[in-house]
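Worksheet: the structure to be examined is printed underneath.
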Amino acid sequence: MRSRTFIFVLAGFFLAVAGNSVLAQQDDASDPEADPEWESELIGKISASQAAYRNWQEGGLNSLSFTTLLDGLAERQGDRWEQTHAARLALGYIDQEGRELRKTEDQIRLQANLQYLGDGFFRQFKPTLA
Numbered sequence: 146m147r148s149r150t151f152i153f154v155l156a157g158f159f160l161a162v163a164g165n166s167v168l169a170q171q172d173d174a175s176d177p178e179a180d181p182e183w184e185s186e187l188i189g190k191i192s193a194s195q196a197a198y199r200n201w202q203e204g205g206l207n208s209l210s211f212t213t214l215l216d217g218l219a220e221r222q223g224d225r226w227e228q229t230h231a232a233r234l235a236l237g238y239i240d241q242e243g244r245e246l247r248k249t250e251d252q253i254r255l256q257a258n259l260q261y262l263g264d265g266f267f268r269q270f271k272p273t274l275a
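Written out as structure tokens, the structure reads:
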């Protein structure tokens, strides 16, 4: 019972984090030389599954599994530079009958790219730092 309570508390936490977006104030900058704005997105996913077996000759374990995922992306493109930052956080647990609660998925992935768009001759190559 404790493990199921833990799973539901964890699901509530990730729902609160994913659903709580903070909106920043945006300036009305009509100056074309102003810094470009960041474009960002955040996606949260939650999945759960249950398998129950009764009177099955082959055996089988009743199980309850739960997985959460957060995907974030932020991009900004100026005249000569383009920046991209991405993050993925995933966590999953499974509770099988007669076994301890186990972690099924554990992922933290961060990615950052900086690309020089250049001008003239360098626009052909677009070197990237990742």
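So the sequence shown is numbered by the numbering used here: it starts at 146 and just counts up by one.
The beta carbon of each residue, even a glycine, is placed where N, CA and C say it ideally should be.
All values derive from a computational prediction rather than experimental measurement.
**Prompt:** Between Gln252 and the rest of its own chain, which residues show a CB-CB distance below 6 Å, the 5 nearest in sequence each way excluded?
**Reply:** Result list for Gln252: Ala235, in chain order.
**Asked** What residues are listed by DSSP as bridge partners for Thr213?
**Response** Ile191 and Leu236
**Request:** Name, in chain order, the residues that DSSP records as bridge partners for Trp226.
**Result:** By DSSP's assignment, Trp226 forms a beta bridge with Tyr261.
**Buried versus exposed, by CB contacts within 10 Å (16 or more), Gly237** = buried
**Prompt:** Considering only the beta carbon of each residue, do Ser210 and Ala197 sit closer than 9 Å?
**Reply:** no
**Request:** For Gln252, name the three-state secondary structure that DSSP assigns.
**Result:** strand
**Message:** Quick test of your reading: Gln260 and Glu220, contact by CB under 8 Å. State the CB separation rounded to the nearest angstrom.
**Reply:** Rounded, the Cβ-Cβ distance is 11 Å, inconsistent with contact.
**Asked** Do you know offhand how far Gly204's Cα is from Thr212's?
**Response** 25 Å
**Message:** Looking at the strands, I want to know which residues DSSP matches up with Glu220.
**Reply:** Glu184 and Thr229
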